[in-house]
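Visitor: Protein chains in written order, with our numbering: chain A, 851 to 1194; chain B, 341 to 464.
#1: When you check each C-beta in the stretch 1002-1013 of chain A against every C-beta of chain B, which residues fall closer than 8 Å?
#2: Using 10 angstroms around the beta-carbon of residue 348 of chain B, count the other beta-carbons present and answer buried if the total reaches 16, otherwise exposed.
#3: Tell me which residue opens and which closes the alpha helix (DSSP H) that residue 905 of chain A is part of.
#4: So what's residue 421 of chain B in DSSP terms, helix, strand or just coil?
#5: In angstroms with no decimal places, state the Cα-to-Cα distance between residue 403 of chain B and residue 1177 of chain A.
#6: Which residue wins for smallest C-alpha separation from residue 879 of chain A, given the options A:945, A:960, A:1166 and A:1053?
#7: In this structure, how does DSSP classify residue 958 of chain A when only helix, strand and coil are distinguished?
#8: Within the 8 Å Cβ cut-off, does residue 408 of chain B reach chain A?
#9: So residue 349 of chain B is in the alpha helix (DSSP H); what residue range does that whole segment cover?
#10: Taking all protein chains shown into account, do 16 or more other C-beta atoms lie within 10 angstroms of the C-beta of residue 1074 of chain A, making it buried, or fewer, making it exposed?
#11: Tell me which residues of the stretch 394-428 of chain B have at least one Cβ-Cβ distance to chain A shorter than 7 Å, keeping chain order.
#12: Using a cut-off of 9 Å between C-beta atoms, extract the partners of residue 388 of chain B located in chain A.
#13: Measuring CB to CB, does residue 914 of chain A end up less than 8 Å from residue 1115 of chain A?
#14: Since residue 440 of chain B contacts residue 370 of chain B with CB under 8 Å, what's their CB separation in whole angstroms?
#15: Drop a sphere of 10 angstroms on the beta-carbon of residue 346 of chain B, count the other beta-carbons inside from all chains shown, and report buried for 16 or more, exposed for fewer.
#16: Less than 8 Å between CB atoms is the rule here; does residue 958 of chain A satisfy it with respect to chain D?
#17: Helix, strand or coil for residue 991 of chain A, going by three-state DSSP, please let me know.
#18: Taking Cβ to Cβ, would you say residue 957 of chain A is nearer than 8 Å to residue 1017 of chain A?
#19: On the DSSP letters alone, give me the boundaries of the alpha helix (DSSP H) that residue 950 of chain A sits inside.
#20: Considering residue 1157 of chain A, what are the terminal residues of the alpha helix (DSSP H) in which it resides?
#21: Which word fits residue 888 of chain A, buried or exposed, when buried means at least 16 other C-beta atoms lie within 10 angstroms of its C-beta?
#22: Out of B:412, B:355, B:356 and B:389, which has the shortest C-alpha to C-alpha gap to residue 425 of chain B?
#23: In whole angstroms, what is the alpha-carbon distance linking residue 1000 of chain A and residue 874 of chain A?
#24: Among residues of its own chain, excluding the 5 on either side of residue 1215 of chain A, which ones have a beta-carbon nearer than 6 Å to its beta-carbon?
#25: Measuring CA to CA, which of A:926, A:981, A:983 and A:947 is closest to residue 970 of chain A?
#26: Could you spell out where the alpha helix (DSSP H) holding residue 403 of chain B opens and where it closes?
#27: Using 8 Å as the limit for Cβ to Cβ distance, is residue 988 of chain A near chain B?
#28: What span of residues does the alpha helix (DSSP H) with residue 1130 of chain A cover, start to end?
#29: Can you tell me which of A:1175, A:872 and A:936 puts its alpha carbon nearest to the alpha carbon of residue 1188 of chain A?
#30: Measuring CA to CA, which of A:1042, A:1032, A:1179 and A:1191 is closest to residue 1012 of chain A?
#31: For the alpha helix (DSSP H) that residue 388 of chain B lies in, which residues bound it at each end?
#32: Using a Cβ-Cβ distance cut-off of 8 Å, determine whether residue 1090 of chain A contacts chain B.
#33: Spell out whether any CB of chain B is found under 8 Å from the CB atom of residue 966 of chain A.
#34: Secondary structure at residue 1034 of chain A, three-state DSSP: helix, strand or coil?
#35: Alpha helix (DSSP H) containing residue 1102 of chain A: first to last residue?
#36: Within the same chain, show all residues whose beta-carbon is closer than 8 Å to that of residue 974 of chain A, passing over the 5 residues directly before and after it, in chain order.
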């Protein structure tokens, strides 16, 4: 049997845990907001370069630690989750090609994808409501119909919304983790989490009439011709929101990404991991037997290797790697949805 | 993006549909549902399917395929509303009772049929 290694925060006295966590969270929000306002391009480039891989690795490790060893009665939920995660990610990856090569389909391709995403999520909510702790999900199909009509009106609205909502999902997951492992912090956490919308409001007040982003800065220059500032403004949805300052959009997205990375790299491991990240024998599935243990170990080593490969690729061609990464990253965006629902 | 006229027609159509369907559901739904559920069902079920029928299906069926559009939309709407009603007001809420549930489903189909027939008359 593996011996779990309690984290530093977990082994500290209760009052200091709450204070330390609160200070850490507020520092994260404050630093992320400040850096995003004053150095949006450098921070956006640097944060993705440094944390895109590690945050996925730590998220993967955390999820593995929370998944049951056997699917049992939840197999249909896991099957529906897996089919949706893989199918929607593959579809999302080929959509730009479909839209450009088949003009008859055009943007309706995104509407179909968004519709599939909505019904997949609603299917998950429906299935989740039938397992303990149960809840009433009778409203879910009406919402699905209503939202489907919305995505046919604005086919690109949902993918664009996901760019901003996905970082916020980490806040929700942190809330669920606190409710489970540190319920006495829940109220305090919800109060300090309000600093995130407050910071966005402050950024709005500072940047709503800010000029265009500069085309190059230190980081841009360091990466040479492979980096374009337009990449960030495009990703932040400036093309779809012409009335809003691109500077504000990039800064807001950078801020949310930084908070997202901070939560996954620092805060959730500090309170949510019941063992050291490298101790894979503490993962429930690894305890099923030696083969499972080896498989889980190999999977984590492969993930670690991918983090290294991602860094090398970012170093060689930042822009292309970033584009590929954010396409494939849809996988972890989608994977968070069923995981979050299991934690509700 | 649909024109302003289209939105106005949609809103008017929605109000007429709610009026017709609520009337049918008020009398048709089984008596195990309290009055507020029978009233709310007319508004809420239509609110779920109506935008779908007006905004999604027209994009899927070209103008020349109106027959297929009507067939698909008028099959989808009662089926979806019956499913929504069962999920929201029958499952886990009241004791299972086959005859009453069948009556509920038939009432929903009848409500949709009535609104469709009135709709075709108005359009003609």
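Heads up, the beta-carbon is just placed ideally off N, CA and C, and yes, glycines get one too.
Here the structure is a predicted model, which is why all the values come from computation and not from measurement.
Guide: Walking through what the data contain:
#1: 1002 and 1003
#2: Residue mapping note: residue 348 of chain B aligns to position 8 of the second chain, counting from 1. By the 10 Å Cβ count, residue 348 of chain B comes out exposed.
#3: Stepping through the first chain from its first residue, residue 905 of chain A is reached at position 55. Residue 905 of chain A -> alpha helix (DSSP H) spans 890-916.
#4: Here residue 421 of chain B refers to the residue found at position 81 of the second chain. Helix, per DSSP.
#5: The residue you call residue 403 of chain B lines up with position 63 of the second chain. The residue you call residue 1177 of chain A lines up with position 327 of the first chain. For residue 403 of chain B and residue 1177 of chain A, the distance between alpha carbons rounds to 35 Å.
#6: To locate residue 879 of chain A, count along the first chain from 1; it is residue 29. Residue A:1053 is the option with its Cα nearest to residue 879 of chain A.
#7: Taking the first chain and counting its residues from 1, one reaches residue 958 of chain A at position 108. Secondary structure of residue 958 of chain A (DSSP, three-state): helix.
#8: Against the second chain, residue 408 of chain B aligns to sequence position 68. Chain A, which has no Cβ nearer than 8 Å to the Cβ of residue 408 of chain B, makes this no.
#9: Translated into the one-based positions of the second chain, residue 349 of chain B becomes position 9. Run containing residue 349 of chain B: 344-368, per the alpha helix (DSSP H) assignment.
#10: Residue 1074 of chain A sits at position 224 when you count from the first residue of the first chain. Residue confidence for residue 1074 of chain A is low, a pLDDT of 49 falling below 50, so the modelled location carries little weight; the figure read from the coordinates is stated next. Residue 1074 of chain A should be labelled exposed.
#11: Hits within the stretch, in order: 395, 396, 399, 420, 423, 424, 427 and 428.
#12: The residue you call residue 388 of chain B lines up with position 48 of the second chain. In chain order: 991, 992, 993, 994, 995 and 996.
#13: Here the question's residue 914 of chain A lines up with position 64 in the first chain. Here the question's residue 1115 of chain A lines up with position 265 in the first chain. Not a contact, by the Cβ cut-off of 8 Å.
#14: Looking up residue 440 of chain B in the second chain gives position 100. Looking up residue 370 of chain B in the second chain gives position 30. Indeed they touch by this definition, with Cβ atoms about 4 Å apart.
#15: Against the second chain, residue 346 of chain B aligns to sequence position 6. The residue is exposed, with fewer than 16 neighbouring Cβ atoms inside 10 Å.
#16: Note that chain D does not occur in the displayed structure, where the protein chains are A and B.
#17: Within the first chain, numbered from 1, the residue matching residue 991 of chain A stands at position 141. Helix at residue 991 of chain A.
#18: Residue 957 of chain A sits at position 107 when you count from the first residue of the first chain. Residue 1017 of chain A sits at position 167 when you count from the first residue of the first chain. No.
#19: Locating residue 950 of chain A in the first chain gives position 100, where the first residue counts as 1. Segment 925-951, the alpha helix (DSSP H) holding residue 950 of chain A.
#20: On the first chain, position 307 is the one that residue 1157 of chain A refers to. Per DSSP, residue 1157 of chain A belongs to the alpha helix (DSSP H) from 1140-1166.
#21: Counted from its first residue, the first chain places residue 888 of chain A at position 38. Classification for residue 888 of chain A: exposed.
#22: The sequence position of residue 425 of chain B within the second chain is 85, counting from 1. Looking at the Cα atoms, B:389 is the closest of the given residues.
#23: Taking the first chain and counting its residues from 1, the one referred to as residue 1000 of chain A is at position 150. Taking the first chain and counting its residues from 1, the one referred to as residue 874 of chain A is at position 24. So the two alpha carbons sit approximately 39 Å from each other.
#24: What the structure shows of chain A is the stretch from 851 to 1194, and residue 1215 of chain A is not part of that stretch, so it cannot be assessed.
#25: Reading the first chain from its first residue, position 120 is the one you call residue 970 of chain A. Considering only alpha carbons, the answer is A:926.
#26: If you number the second chain from 1, residue 403 of chain B lands on position 63. Segment: none, residue 403 of chain B is in no alpha helix (DSSP H) and carries neither H nor E.
#27: Working through the first chain from its first residue, we reach residue 988 of chain A at position 138. Taking Cβ atoms only, chain B reaches closer than 8 Å to residue 988 of chain A, which makes this a yes.
#28: What you label residue 1130 of chain A is simply residue 280 of the first chain in a count that begins at 1. Neither: residue 1130 of chain A is in no alpha helix (DSSP H) and is coded neither H nor E.
#29: Within the first chain, numbered from 1, the residue matching residue 1188 of chain A stands at position 338. Taking only the C-alpha atoms, the option nearest residue 1188 of chain A is A:936.
#30: Mapped onto the first chain, residue 1012 of chain A falls at position 162. Nearest C-alpha to residue 1012 of chain A: A:1179.
#31: Within the second chain, residue 388 of chain B is the residue found at index 48, counting from 1. Element bounds for residue 388 of chain B: 375-391.
#32: Along the first chain, one-based indexing puts residue 1090 of chain A at 240. Judged by the 8 Å Cβ criterion, residue 1090 of chain A is not in contact with chain B.
#33: For the purposes of this step, residue 966 of chain A is taken as the residue at position 116 of the first chain. Not an interface residue.
#34: As a position in the first chain, residue 1034 of chain A is number 184, starting the count at 1. Reduced to three states, the DSSP call for residue 1034 of chain A is helix.
#35: Taking the first chain and counting its residues from 1, one reaches residue 1102 of chain A at position 252. 1096-1112 is the span of the alpha helix (DSSP H), which, as asked, contains residue 1102 of chain A.
#36: Translated into the one-based positions of the first chain, residue 974 of chain A becomes position 124. Here the set comprises 927, 930, 931, 934, 1187, 1188 and 1191.
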